[in-house]
Amino acid sequence: MPVQTCMGGLMKCSMGLAPSTLMPTPKTVITSNMMAANIMDHVPLMNILPFGMCQSPANPMVAAATAAALGVLTPMPCIPNTPAPWVAGAPTVILCNTPALDDVSKLICLWGGMIEFTFPGQTTHQIP
1358 MPVQTCMGGL
1368 MKCSMGLAPS
1378 TLMPTPKTVI
1388 TSNMMAANIM
1398 DHVPLMNILP
1408 FGMCQSPANP
1418 MVAAATAAAL
1428 GVLTPMPCIP
1438 NTPAPWVAGA
1448 PTVILCNTPA
1458 LDDVSKLICL
1468 WGGMIEFTFP
1478 GQTTHQIP
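Residue 1485, in this note's numbering, is where the sequence shown stops; the numbers in between run on with no holes.
Pasting the structure below:
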């Protein structure tokens, strides 16, 4: 059964070179004494922190650096580009009028990365 995600949950991006942590928007709901997350917690640099370096050729900074290096893939600093909410979530659990965010949800970065959880931030609260 999926687990509720919260502040401090660890994420990875398929195009990033380092893990990142989830920083949910402040809400009145907590789980395991941590701020609970919902699918609207997708704002770059506010909720979704950088994943170290980005290696996606679709990222304009990576493309420019790669072109300058005569075609050798050159990773550049990650700046997530996530305009859409997390996919799926938990529609049976509503937090602040929005489905809760579980650890099996995915977030798509416009630069081609798939963001997913490696640790939800807590392990005691499961959601259907």
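Beta carbons are placed, not taken as given, at the ideal position from N, Cα and C, and that holds for glycine.
- Shown here, Ala-1447 sits in a strand according to DSSP, grouped into three states.
- Assignment of Ala-1426 by DSSP, reduced to helix, strand and coil, places it in the coil class.
- When rounded, the separation of the alpha-carbon atoms in Pro-1359 and Ala-1426 is 44 angstroms.
- Here Cys-1363 is buried, its C-beta having at least 16 other C-beta atoms within 10 Å.
- Short of 7 angstroms from the beta carbon of Ala-1420, and not among the five residues preceding or following it, lie these beta carbons of its own chain, in chain order: Pro-1414.
- Between Pro-1437 and Cys-1466 a beta carbon distance of about 6 angstroms is seen, short of the 8 angstroms cut, so the two are scored as contacting.
- Rounded to the nearest angstrom, the gap between the Cα atoms of Ser-1371 and Met-1433 is 15 angstroms.
- Sixteen is the threshold: when 16 or more other Cβ atoms of the shown chains lie within 10 Å of the Cβ of Asn-1395, as they do, the residue is buried.
- Three or more Cβ pairs closer than 8 angstroms define a contact, and the segment 1469-1484 meets that threshold against the segment 1371-1380.
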